[in-house]
Structure formats: C-alpha cells, structure tokens
Amino acid sequence: MSHLRPELRARAEALVALYPEPRSALIPLCHLAQEQDGWLRPEAMEEIAALVGVTPAEVRGTATFYEMLHTEPVGTYVVSVCTNIACLLTGALELLEHAEEHLGVRAGGTTADGTITLEEAECLAGCDKVPCVTVNHRYVGARTAAEFDALVEDLRAGRLAGTVPPHGTLVRVRRTVGLEVPRDQVAGERAAAAAEQAARAAGSGGAA
Amino acid sequence: MAVTDAPRIVTARLGHDDSHTLDRFLATGGYEGLRKALTMTPEAVAAEVDAASLLGRGGAGFPAGRKWSMLRKDPVTYLVVNGDESEPATFKDHLLLEGDPHQLIEGVVIAAYALQVSLAFIYVRGEFALGLERVQAALNEAYRHKAVGADIFGSGFSVDVVVHPGAGAYICGEETALLEALEGKRGFPRIKPPFFPASVGLYGQPTVVNNVETMSNLPWIVTHGGAAFAALGGGRSTGTRLFALSGHVNNPGTYEVEMVKTTFRDLIYAPVLGGGVRGGREVKAIIPGGVSAPWFGPDKLDLPLGQDEVGEAGSMLGSGAITVMDSSTCMVRAAWRITKFFSRESCGQCTPCREGSGWLERVLFRIEHGGGREEDLDLLLDVSDNISPGLLWPPQQTTICVLGPSIPSSIHSAIEMFRDEFLLHIKEGACPHG
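Protein chains in written order, with this note's numbering: chain A, 528 to 735; chain B, 15 to 448.
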C-alpha cells in the first residue's frame, strides 16, 4: 500500500527511471514526499527507501544533511529571512528580530496555528532585493517591518496561494519527456566499462 | 567611468519578459551555435573553447578547455553542470537559470557533443524553485524542438539531459560533494586524490563538472569563434564576466562587464553599474570574490577585474561576488556573520573546519557583544592558523576541501585592516556601531 498518492507515486517512479543508479533519485523523491505531507513522514521515507533500493535509515541519514528536507513537521509556509553578509549590511538582523516578535516564535520555530515556520537563512542569492525574504523558496520582497507584517497577513488570508504554492520546491517542475538515448545501449556501455575496469584491476593485481 | 562597449555575451536576452521561452530564444539566434557545432568535429569544438581561454566561472577559475582535455577516455563519461550557486552574495547563475535557460541547455549540448557524452545532468540549487521550473520547462521544449535527445537536428548525435534539484547545502557547490549529492548521499566532499572528477567522477566514471555561466558562454564562443572571445578582456582573463555587486551600493545587481578592462571602481561607481556608494559615503572595505576571499581596502579600487590581477594583489575574483562595505560598517559584526555561515555549513568531516569554525564564531560573537578579552585577537589568529597554517594566500590546507581554509580569510583581513576597531569593542565592552 503506497503512502504516496497515485499521481505522486507515478511521478516518483518516473524520476527513478531517469538515473543510471536509482539512489540518485533519493533527494528528488524527498522533495516529492514533502509536496504531499509538508515534511518527511517515516512512512514516506520507507517508501522512498524501497523505491531507490536503500534502507529507511539511509534515507533519513541523507535527508538530515540537507536544510530543505524536514524530518519534523513544519508550517504550511516556510518563511526564510537571510542574514548573510549582503543582507546583514542592509538591516537583516533587525528584520529577523521584528519577524520573531511579530510571529511570536524564534527562528526555527512554527506558529501555534501551524501556518508559518520562521527560519534564519544563509544567502538566498537575492542580494539585490535586500534583506532577502523567501516563502517556500519563492522571492517575495518584504524588506521592511511593515512589508513583513503585510506578507504575513497575506499568507494567513491565503492571498498568495497563486504565487506561493504550499510546500515542495518541485511542485511546478514537470518533466514531460522521457529519455531518448536507448537505455540498453547505455547499459551495454556501462557493462563494457565495468569489464574493462575489472580487467585493469586484474592486470595491476597480477603485476603486483 | 570606463564601461567598454564589449558585447553582452550571456545576458543579451535578459531584458525581455519572455527571455526564458523558446520563441524568444529562436528569434534571437538561439540554437544556432549548436547547429554550427554539429557541423564541426567534436575536437574542433573543443579547440574553439580552448582558444577562447574560457576560465571557469564557478569560483576556482580553472580553464574550461583544459578541464575538458583531462577527461579520462572511457566508454561511459558524464557531464554535470554545477548550478548550486550558494557562495554568499553570489546571485548570477540563478539569473541565467531563470532568465535564459535555453542558452544554458544549448551550452550543455555543445559541451556534450565536444566531449561525446550521452548523459548530462544540470544540478540546480534546491532553493531555486523558479530556476528549476524554468530550466525543466525549457528542457521539455528543447526535446520537442529536437535540440536535445536522440538524433539532435538530424546530426546523428544524441544526448539526454536531466535536471536535478539540490536540497539546501552550501558544500554541494564543491564539485565532489555535488557528485555525492547527485548520487543520493550526504554532501561530503570526497578525499583527494583523485583530484579531478575528470578521472573519477559520477558513479566512479570520468565526469566533467562545469558552472552554469561557463556553459552559457559556449553558444557565443562557437558562433563567433574562440578568437573573438579571447580578443575581449586581457591576459588570461578573457571575455566578459558576470559580477554580482551587493552591499552598500546604490544599485546592487548583476552586471556583465569586460574583464580586466573594467576596475572595481568602475563597477561600484559607474552610473550604469553600481551607481556609487549609498549616501555618498566612503568605501571602507570590499570583499572581492565571495566570503571565502580576503578583503581589500579602498586603495585597491583601481585594480582591474582580472583573475591574475586580483590574485597577485592577495585575494581572488572567486565566484564574481563583490560586496561593498561603507564607512558605517561594523567589521567585527561582518566577520562574525561570515564565520557563523562557515560554521553552519561545515559538513563536519574534518576537525579543523568543524571545530575551528565554531570556536571562531563564538569568540567573534563575544567580542561583538561586549564580552571580548584582549587576548581574543591572538586566539582568533591562532585558531585560524590551525585551520590554515601560516594564513597564507593561496591558503594552505588541512582539510578535505577548501571550505576550511576559506574560514580564516575574513577574520584575518578584518583583524589586519581594522585591529583598532576590535580593540575598541573589547575596551568599551560593546559594539561602537550600536
């Protein structure tokens, strides 16, 4: 019984098929699971593990390395305030402090209504719109305290639903084409390469 | 202010609202470079890139042509594009990903043809949601246009391209960490040797890893010839380059300018570029190439934007991120925040980096917040020296990758240039800048 919804399960299988080694799809599949649940539920990690041929512990161990993958629940909207150098120079610490007060949570926390998780981010590559704020990884432009408050109000009222989809950096990323270079040809080349490597290893072993 | 009339090589389309679409791309010469490349031999295409003397635009500045020539001969090789732009204050590759994804794809297919690779990956930083959407949409279009996939433009050459998302980790910009991430693992940089993925890369196979901006230059180079590219710029720094200008300038932004013929002063003060320092204040210091780079004082403003020129002056152009700090800046706070970044992003494999970054961050924090001690400056330099012995430039390495030795750059610069400011913090028990 699949934890992923049928549509997402189909996308997951298509993603696995893109790679010479299934494990390469591990991170894309984590994004996919977060699209469904908002975070990486244990059941999702088990399904991902089965899909890519590793243990659930390996999925968790990999996911915990990455900032965007959440092994605990987060709010519907992850609001990231960058405080790295370009933003620091233009008032980011002050903006973050305001955000913490306004939302009543410290960076890393989630509001009681489960709407917003606030995070202090490293550089988001938006250094010309500083301080840089993103919501679910979309640039939103909230440089002042007043703009930040308006952003929160818009999020809570659902007014940004069109521009900021809930969760999942890949929500709007759809590959509509398959691979065209025949896989058996690639597989054949890989087998030849492996054979050649083995021959080389045997050769050097014999010389030693 | 000297702003040369060099052509805009990678940003020509960016002014248009529909710059990311196939229609706009085809209406403005798109895929012509690829069509031309496919009439040449792969070796001839590589020779043009070599003649262009295109230095990699990711950070290390390694010549792309030479990197290609190092690809070990093997039945299975890969091409991987590094779009994991995350060096603080670098915001150029994501403009190319969002604004001209077909140009990138054209560059990727040209490179794949030159290298005779049948599978290429475009690794895009996970946070770049719009960039991922645009590149994938463009890739779908490019397949239908027969510019990617089987029998490209009827030439008989075939390559598949896969867009792969990251998931938030600075270290994955390091090419061996990126390959680990692409293999579905934690982004731990690989132990060297082997030094180059060109011998052992993705899935253990020879792999070329090139930056987004590097790839985006290829269509122009093939169309106009390597010599035309090499005629721009000066010395080893040929062509134009994207510089991401941030901090206390009137017009922060990403600007494509001719290398060497343009100076830091031009970039910061030219009305069509940075437009001068905010509030008419003076430059106190600049970070010339991302936060891994040692800082410059205002005495270096007339230095040309060239890789060797900046290297000989004791720093690097790195990722092309130039951050201006004006006379109002607290240098302790700046050094602290940069160090906090490294502390957060250290992957944790190597002790000097993992432990050192945390110690340095805490000592800088207490100085900034009034708890500093006089001996702290020596302590900072001593810990820095343990991470990178001698505090030399280029730095000595005690770690698997260059993240570690990058940590002392800002601390060493800040203490050397602004020692009095550190002492004032310690003496007054508070930040004099408030």
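Note that the Cβ used here is the ideal one computed from N, Cα and C, for glycine as well.
The beta strand (DSSP E) with residue i in it runs from where to where?
i, result
"Arg255(B)", "254-261"
"Val397(B)", "First-last for Val397(B): 390-401, but that is the alpha helix (DSSP H), not the beta strand (DSSP E)."
"Ala245(B)", "No beta strand (DSSP E) contains Ala245(B), which DSSP labels as neither H nor E."
"Phe142(B)", "Note, Phe142(B): premise wrong, no beta strand (DSSP E); not H, not E."
"Tyr269(B)", "267-272"
"Val581(A)", "Here Val581(A) belongs to no beta strand (DSSP E), and DSSP marks it neither H nor E."
"Ile522(A)", "This structure cannot settle anything about residue 522(A), because the visible part of chain A is limited to 528 through 735."
"Val662(A)", "660-662"
Buried or exposed for residue i, going by 16 or more other Cβ atoms inside 10 Å?
i, result
"Phe243(B)", "buried"
"Lys206(B)", "exposed"
"Arg27(B)", "buried"
"Ser100(B)", "buried"
"Ala552(A)", "buried"
"Ala726(A)", "exposed"
"Arg139(B)", "buried"
"Thr91(B)", "buried"
"His629(A)", "exposed"
"Phe135(B)", "buried"
"Ala684(A)", "exposed"
"Arg532(A)", "exposed"
"Glu534(A)", "exposed"
"Ala677(A)", "exposed"
"Arg449(B)", "A question about residue 449(B) goes unanswered here, because the residues of chain B that appear run from 15 up to 448."
"Phe209(B)", "exposed"
"Ser724(A)", "Note that residue 724(A) is Gln in the sequence shown, not Ser. By the neighbour-count rule (16 or more Cβ atoms within 10 Å), Gln724(A) is not buried but exposed."
"Asp31(B)", "exposed"
"Val286(B)", "exposed"
"Thr661(A)", "buried"
"Ser342(B)", "exposed"
Using a Cβ-Cβ cut-off of 8 Å, state whether residue i counts as contacting chain B.
i, result
"Leu706(A)", "yes"
"His558(A)", "yes"
"Val657(A)", "yes"
"Pro547(A)", "yes"
"Leu687(A)", "no"
"Ile643(A)", "no"
"Arg702(A)", "yes"
"Pro555(A)", "yes"
"Leu678(A)", "no"
"Glu594(A)", "yes"
"Gly732(A)", "Annotation note: pLDDT 48 at Gly732(A) (below 50); position unreliable, coordinate value reported separately. Answer no: the Cβ-Cβ gap between Gly732(A) and chain B never drops below 8 Å."
"Ala735(A)", "With a pLDDT of 39 at Ala735(A), under the threshold of 50, the modelled position of this residue cannot be trusted; read the value that follows with caution. For Ala735(A), the answer is no, since every Cβ of chain B falls outside 8 Å of its Cβ."
"Leu615(A)", "yes"
By DSSP's criteria, residue i is part of a beta bridge. Which residues make up the other side?
i, result
"Gly163(B)", "Val173(B)"
"Ala3(B)", "Because chain B is modelled from 15 through 448, residue 3(B) falls outside the range shown and cannot be assessed."
"Leu374(B)", "According to DSSP, which records beta bridges pairwise, Leu374(B) is partnered with nothing at all."
"Ala134(B)", "Leu93(B), Val175(B)"
"Pro277(B)", "For the record, residue 277(B) in the displayed sequence is Thr; it is not Pro. Its beta-bridge partners are Pro318(B)."
"Val704(A)", "Val704(A) is not bridged to any residue."
Name, please, each residue of chain D whose Cβ falls closer than 7 Å to the Cβ of residue i.
i, result
"Tyr127(B)", "The structure shown has no chain D; the protein chains it does contain are A and B."
Is the shortest distance between the beta-carbon of residue i and the beta-carbons of chain A less than 8 Å?
i, result
"Phe209(B)", "no"
"Asp174(B)", "yes"
"Lys206(B)", "no"
"Ala284(B)", "no"
"Gln219(B)", "yes"
"Asp88(B)", "yes"
"Arg22(B)", "no"
"His383(B)", "no"
"Phe355(B)", "yes"
"Gly201(B)", "yes"
"Gly261(B)", "yes"
"Ala449(B)", "Only positions 15 to 448 of chain B appear in this structure, which leaves residue 449(B) out of reach."
"His238(B)", "no"
"Gly182(B)", "yes"
How would you write the range of the alpha helix (DSSP H) that residue i sits in, first residue to last?
i, result
"Glu197(B)", "Looking at the DSSP string, Glu197(B) is not in any alpha helix (DSSP H), and its letter there is neither H nor E."
"Ile414(B)", "From DSSP, Ile414(B) is part of no alpha helix (DSSP H); its letter is neither H nor E."
"Ile124(B)", "115-129"
"Glu323(B)", "321-326"
"Glu540(A)", "533-543"
"Val679(A)", "672-684"
"Thr353(B)", "345-359"
"Thr221(B)", "Where Thr221(B) is concerned, there is no enclosing alpha helix (DSSP H), although the beta strand (DSSP E) it sits in stretches over 221-225."
"Leu232(B)", "232-238"
Give a single yes or no on whether residue i has its beta carbon closer than 7 Å to a heavy atom of the ligand PLP.
i, result
"Phe209(B)", "Because no ligand of any kind appears in the structure shown, any question about the ligand PLP cannot be addressed here."
Entirely enclosed alpha helix (DSSP H) segments - the stretch 587-623 of chain A, minimum 4 residues: DSSP runs (the alpha helix (DSSP H)) wholly in the stretch 587-623 of chain A: 612-615.
Next item on the list: Kindly provide the ranges of any alpha helix (DSSP H) runs that are 4 or more residues long and lie completely inside the stretch 30-77 of chain B, ordered along the chain.
Entry: Counting only runs of 4 or more residues that sit fully inside the stretch 30-77 of chain B, the alpha helix (DSSP H) segments are 36-41, 46-53, 56-66, in chain order.
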